[in-house]
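Trainee: This is the structure I want to talk about, given as structure tokens.
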Amino acid sequence: MKARPRANTSKDSGKKTVVAPSAHHMPLLNASGIIKRFNDFTANDDVSFSIYEGEIHALLGENGAGKSTFVKLVYGLIQPDAGVFEWRGDPVTITGPQQARDMGIGMVFQHFSLFQALTVAENIQLALPGGEPLASLSDRVRRISGEYGIGVDPDARVHNLSVGQQQRVEIMRCLLQNPSLLIMDEPTSVLTPQEAEQLFEVLRRFSDSGMAILFISHKLDEIRALSSRATVLRRGINVGTVDTDTRSARQLAEMMVGETVGYVARETPPADGDILLEISNLSRPRPTQFGTPLRDISLKARRGEILGIAGIAGNGQDELMEALIGEWRGKSNGVISLEGIDISHAGPALRRNAGIGFIPEERNGHGAVPAMSLAYNNLLTSHSLAGAVKNGVINDDAMRHAAADVATAFDVRLPNENPLASALSGGNLQKFVVGREIAKSPSVLIVSQPTWGVDVGAAMFIRAAMLDLAGKGSAVVMISQDLEEVFMIAHRIAVLYDGHLSAAIDATDLTAEKVGLLMGGSAASEALET
Amino acid sequence: MEQLILTVILTSVPLIFAASGELIAERSGVLNLGVEGMMLMGAVFAFAVAMGTGSPVLGMFAGAFAGAITAGIFAFFALGLATNQVATGLALTIFGTGLSGLIGAPLVGQAIDGLPQINIPLLAEIPFFGIVMFQHDIMFYIAVIMVGLCAWVLNATRIGLIIRAVGDNHDSAHALGYSVLGVRLLAVIFGGMMAGLGGAYLPLVLTPHWAEGMTAGRGWIALALVVFASWRPWRVLGGAFVFGGITIMQLAGQARGWTIPSQFLSMLPYLATIIVLVLISRNREFALANSPACLGRIFHTEK
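Line by line, the protein sequences are chains A and B.
For the record, in the first sequence the residue sitting at position 186 is 185 according to numbering that gives the first Met the number 0, with numbers rising by one throughout.
For the record, in the second sequence the residue sitting at position 250 is 249 according to numbering that gives the first Met the number 0, with numbers rising by one throughout.
Put into structure tokens, the structure is as follows:
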């Protein structure tokens, strides 16, 4: 692999000195021998852990390693089967979130924790003890959001905000509770490097004032930049708590996975491959009040390449993806063509049949039907699955085999023979959704956030599969907010900013700084000169 | 003219009660289709107690209490045992219809003194407006006050915010430490109490005797009214007058020998509701902002 493009994200940015845990220094929270079982699956197996005031501590592990289970136990959402928590030296039973909050534990969730129909201020008010009028709260939110550079409009309704904006609301909501222990589940997954660094600045300031921060992340560089210690979980077992200074990102990854991690690397695509997918002058009006209009977007995806589309959440990714899938179709706002044939007016099913594969960002509910089995989910997108449907009647065996083949080929770990999509962990379901699309050998694969919330091992697998597909002569269009990923596998990179798409440039001619500037809205000429 | 408007208002009072109660339950995420059953239970107990004690005011309290208890049965199954809300609500209507008929069998043919009319001093003297608005029984005033109270609680108080939050996303509300089932239990019981009051209005004011199934579908109209009002309390008040007006039109039409079959007029409330539903659904923004996202969904806590 080339020099890691984001290696300089924060190496020199004033990392905190390690708060040395010592014998005469009492941990804020100490957990010993925590065991949590779900039926016959042991999610946490004898986990011991401690965190001190003012410490930033990372919790690391693959999907299904038990990180979320552990933080849910700390936050009182579920109860341990065995083991003891001590808070400031006293044993405690954390019976529920309310008690956790009263003790001074705050949590920023990764998913599903904002109220869509309520305003930002109302959402925040719900998380605070009563008493503060909405108006004064709104002022406070505005002030703090200016102070820390977390752009949050207190009067906006949450359902109008992008994923990234929603996450900022979550963070803001938690910070206002002024907790002594702040738990964050993948807080930076939708932020640009610059935004992540801003967030780190905020977190460092809070930790300097004595707040302990426990955060889950998959981004190893970020863990090393922000935290002083990291606890690594693997299959529910604590495999070690280490000083992050003493370990490289690769060593941490290996602790996590338990084996040597393979990195993927792109090869040079054939020069001037045929144009498989072409978009010319695609425009789309703002779909909702807080949506982003698409402005005159043009791109060409060639045979054998991965075209990476970078950009911060809320700059038109969702709108572009809907237009590419065919969920939204304009009357006369530009042309999308597949191998020279205009498909602008074709719906998603026609586009799939024509040979385009789609992997939307949200795997639960958009990419897959959570309450249906994998076999059905596979059948739903494969209108001509070999032998599975005859005269409109489903052949159960053939359908199950087809799904099982995908699972085997893409290393999807199944809890039983034909589980519901909702029974799979995020990374496993994503591997299945990716595998399902790639198994059909689409001539063009359009994918959004392929490794969002997916552990390192699965992410590498998915990236390798996409490179492999491109190598076999397909074109891959990858919309991703993970800049590291874009640099790792994309051959050419374009940046989406405020509904504009910059021209695609060979990845080898770009640096993370240049792309970062384009993501922040600098004019292309300006960004590329630096 | 005044008489006609007065009749419309009287007809709409049971709808105002039942619909604003159901509105609170629905905003908390519970769809209780048992409104008709709860109203009938309220009606029969209100009548029985008013007859037994001679006090229609005590009858009113009995009606509210009976509605709340009936809602408690629904809450036991739908919240406590996490049964399907639609099926449980339908069962509650069938149960309430049957049980009220059984309890009320010996009461058929009896008569009571209804609630007295209370004229608000001074205001009642205003020509036209005074007669229409300020010469009513106590329950009419309570109904209007309750609508205002519901609107105020929902939109301006913390408990209202919590009710909306629970109805919007019960998992998040739980994660923030709110008792989802507790909030819903209170909302459902309140809904039952209001439905009971709506039912009690029939024997205590409209027709001072008991007849089996005397709500005659008003529970269903109240359910439609909640949707018609797009889950906003003040719109319930307006909608109730519209639906009440339609009901009176049927009677007036029949009396004057209109050629429109009365069945067409009975359909109008539902037709209007469907039109409102279509309008709401067409606008995603509006739908998201107005309908409780967790309506009818069962809440499971992780163990």
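Ideal placement from N, C-alpha and C gives every residue a C-beta, glycine not left out.
Predicted model only: the values in this text are computed from it and were never measured.
Residue ranges of each alpha helix (DSSP H) run of no fewer than 4 residues wholly in the region 380-451 of chain A, ordered along the chain?
Mentor: Runs of the alpha helix (DSSP H) inside the region 380-451 of chain A: 395-408 and 425-437.
Trainee: Using a Cβ distance threshold of 8 angstroms, determine whether the region 7-23 of chain B contacts the region 185-199 of chain B, with at least three qualifying pairs required.
Mentor: Touching, yes.
Trainee: Assign Asn376/A to one of two classes, buried (16 or more other C-beta atoms within 10 Å of its C-beta) or exposed (fewer than that).
Mentor: Locating residue 376/A in the first sequence gives position 377, where the first residue counts as 1. Buried, because 16 or more other Cβ atoms sit within 10 Å of the Cβ of Asn376/A.
Trainee: Is there a Cβ from chain B that is less than 9 angstroms from the Cβ of Lys108/A?
Mentor: Reading the first sequence from its first residue, position 109 is the one you call residue 108/A. Before going further, note that residue 108/A is Phe rather than Lys in the sequence given. It does: the Cβ of Phe108/A has a partner Cβ on chain B nearer than 9 angstroms.
Trainee: Distance, Cα to Cα, Gln2/B vs Pro207/B?
Mentor: The residue given as residue 2/B occupies position 3 in the second sequence. The residue given as residue 207/B occupies position 208 in the second sequence. C-alpha separation (whole angstroms): 19 angstroms.
Trainee: For the beta strand (DSSP E) containing Leu281/A, list its first residue and its last residue.
Mentor: Counting from 1 along the first sequence, the entry for residue 281/A is found at position 282. First-last of the beta strand (DSSP E) with Leu281/A: Ile274 to Arg283.
Trainee: Which same chain residues end up closer than 7 angstroms to Ala367/A when comparing Cβ atoms and leaving out the 5 residues on each side of it in sequence?
Mentor: The count along the first sequence starts at 1 and reaches residue 367/A at position 368. Cβ neighbours of Ala367/A beyond the five flanking positions: Asn376, Ala420, Leu428 and Val432.
Trainee: Alpha carbons only, please: which of Leu148/B, Pro55/B and Leu264/B is nearest the one belonging to Thr246/B?
Mentor: By one-based count along the second sequence, residue 246/B stands at place 247. Among Leu148/B, Pro55/B and Leu264/B, the Cα nearest to that of Thr246/B is on Leu264/B.
Trainee: Taking Ser279/A as the reference, which of Trp327/A, Ala252/A, Ile55/A and Ile335/A has the closest Cα?
Mentor: For the purposes of this step, residue 279/A is identified with residue 280 of the first sequence, where counting begins at 1. Among Trp327/A, Ala252/A, Ile55/A and Ile335/A, the Cα nearest to that of Ser279/A is on Ile335/A.
Trainee: Sort Leu213/A, Ile222/A and Ala57/A by Cα distance to Gly105/A and report the nearest one.
Mentor: For the purposes of this step, residue 105/A is taken as residue 106 along the first sequence, with counting starting at 1. Among Leu213/A, Ile222/A and Ala57/A, the Cα nearest to that of Gly105/A belongs to Leu213/A.
Trainee: Run through DSSP, which three-state label would Asn377/A get?
Mentor: Stepping through the first sequence from its first residue, residue 377/A is reached at position 378. If DSSP states are grouped into helix, strand and coil, Asn377/A belongs with the helices.
Trainee: Should the region 129-145 of chain A be regarded as contacting the region 89-100 of chain A, the criterion being three or more beta carbon pairs within less than 8 angstroms?
Mentor: Taking 8 angstroms as the limit for Cβ pairs, the verdict is that the region 89-100 of chain A does not touch the region 129-145 of chain A.
Trainee: Assess contact between the region 223-241 of chain B and the region 5-19 of chain B, defined as three or more Cβ pairs (one per stretch) separated by less than 8 angstroms. Is contact present?
Mentor: Yes: the two stretches touch, three or more of their Cβ pairs being nearer than 8 angstroms.
Trainee: Taking C-alpha atoms, which residue in Leu117/A, Asn332/A and Gly426/A lies nearest to Arg412/A?
Mentor: Residue 412/A sits at position 413 when you count from the first residue of the first sequence. Of the listed residues, the one whose Cα sits closest to Arg412/A is Gly426/A.
Trainee: Just to make sure I have the definition right: I need the residues of chain A whose C-beta is within less than 8 angstroms of the C-beta of Ile161/B. Which are they?
Mentor: What you label residue 161/B is simply residue 162 of the second sequence in a count that begins at 1. In chain order: Leu125.
Trainee: What three-state label does DSSP hand Gly212/B in the structure shown?
Mentor: As a working note, residue 212/B is residue 213 in the second sequence. Gly212/B falls in the coil class under three-state DSSP.
Trainee: Verify the CB distance criterion: does Ala155/A have a CB-CB separation below 9 angstroms to chain B?
Mentor: Sequence index remark: in the first sequence, residue 155/A carries index 156 (1-based). Not an interface residue.
Trainee: Hey, is Glu321/A's beta-carbon within less than 9 angstroms of any beta-carbon in chain B?
Mentor: On the first sequence, residue 321/A is found 322 positions in, with the first residue counted as 1. No, its Cβ sits nowhere closer than 9 angstroms to a Cβ of chain B.
Trainee: Does the pairing of the region 229-238 of chain A with the region 296-305 of chain A give three or more beta-carbon distances under 8 angstroms?
Mentor: With the cut-off at 8 angstroms, the region 229-238 of chain A and the region 296-305 of chain A do not touch.
Trainee: Determine, for Tyr496/A, whether the minimum Cβ-Cβ distance to residues of chain B falls below 9 angstroms.
Mentor: Taking the first residue of the first sequence as position 1, residue 496/A is located at position 497. So, not an interface residue.
Trainee: Can you give me the Cβ contacts of Tyr269/B inside the same chain, cut-off strictly under 7 angstroms, excluding the 5 residues immediately before and after it?
Mentor: The count along the second sequence starts at 1 and reaches residue 269/B at position 270. Around Tyr269/B: Ala223.
Trainee: Taking only beta carbons into account, state which residues of the region 323-335 of chain A come closer than 9 angstroms to chain B, listed in chain order.
Mentor: Cβ contacts with chain B come from no residue of the region 323-335 of chain A.
Trainee: How should Asn282/B be labelled, buried or exposed, when 16 other C-beta atoms within 10 angstroms of its C-beta is the threshold for buried?
Mentor: Locating residue 282/B in the second sequence gives position 283, where the first residue counts as 1. The residue in question, Asn282/B, is exposed, as its Cβ has fewer than 16 Cβ neighbours within 10 Å.
Trainee: On the criterion of 16 or more Cβ atoms from any shown chain inside 10 Å, does Trp451/A qualify as buried, or is it exposed?
Mentor: Residue mapping note: residue 451/A aligns to position 452 of the first sequence, counting from 1. Buried, because 16 or more other Cβ atoms sit within 10 Å of the Cβ of Trp451/A.
Trainee: What is the DSSP secondary structure of Pro90/A, counted as helix, strand or coil?
Mentor: The residue labelled residue 90/A in the question sits at position 91 within the first sequence. It is a strand residue.
Trainee: Can you grab the Cα-Cα spacing for the pair Leu517/A / Val231/A, in whole Å?
Mentor: Along the first sequence, one-based indexing puts residue 517/A at 518. Along the first sequence, one-based indexing puts residue 231/A at 232. Roughly 35 angstroms between the two C-alpha positions.
Trainee: In or out: Pro269/A buried (at least 16 other Cβ within 10 Å) or exposed?
Mentor: Position 270 of the first sequence holds residue 269/A. So Pro269/A ends up on the exposed side.
Trainee: Tell me the DSSP secondary structure of His56/A in three-state form.
Mentor: Numbered from 1 along the first sequence, position 57 holds the residue referred to as residue 56/A. If DSSP states are grouped into helix, strand and coil, His56/A belongs with the strands.
Trainee: Who are Ala229/A's beta bridge partners in DSSP?
Mentor: On the first sequence, position 230 is the one that residue 229/A refers to. Note: Ala229/A sits in a beta bridge opposite Ala57/A and Val241/A.
Trainee: Which residues in the same chain have their Cβ closer than 8 angstroms to the Cβ of Ser282/A, if we skip the five residues on either side of it in sequence?
Mentor: To locate residue 282/A, count along the first sequence from 1; it is residue 283. The answer, listed in chain order, is Pro292, Leu293, Arg294, Asp295, Ile296, Gly329, Asn332 and Gly333.
Trainee: So, are the CB atoms of His26/A and Ile50/A less than 9 angstroms apart?
Mentor: The sequence position of residue 26/A within the first sequence is 27, counting from 1. The sequence position of residue 50/A within the first sequence is 51, counting from 1. Position check: residue 26/A holds Pro in this sequence, whereas His was assumed. Cβ atoms of Pro26/A and Ile50/A: closer than 9 angstroms.
Trainee: Please report whether the beta-carbon of Gly83/B lies at a distance below 9 angstroms from any beta-carbon of chain A.
Mentor: By 1-based counting over the second sequence, the position of residue 83/B is 84. It is Asn, not Gly, that sits at residue 83/B in the sequence shown. Closer than 9 angstroms: no.
Trainee: Buried or exposed: where does Thr267/A fall if 16 or more other Cβ atoms within 10 Å of its Cβ makes it buried?
Mentor: Position 268 of the first sequence, counting from 1, holds the residue named residue 267/A. When all chains shown are included, Thr267/A counts as exposed.
Trainee: Would you please state the rounded distance, in angstroms, between the beta carbons of Gly41/B and Ala194/B? I believe it to be under 8 angstroms.
Mentor: Taking the first residue of the second sequence as 1, we reach residue 41/B at position 42. Taking the first residue of the second sequence as 1, we reach residue 194/B at position 195. Yes, they are in contact, since the Cβ atoms of Gly41/B and Ala194/B sit about 6 angstroms apart, within 8 angstroms.
Trainee: Given that Glu121/A touches chain B, what residues does it touch there, using C-beta distances under 7 angstroms?
Mentor: As a first step, residue 121/A is located in the first sequence; it is residue number 122 there, counting from the start. Per Cβ cutoff of 7 angstroms: Leu160.
Trainee: According to DSSP, is Thr118/A helix, strand or coil?
Mentor: For the purposes of this step, residue 118/A is taken as the residue at position 119 of the first sequence. Reduced to three states, the DSSP call for Thr118/A is strand.
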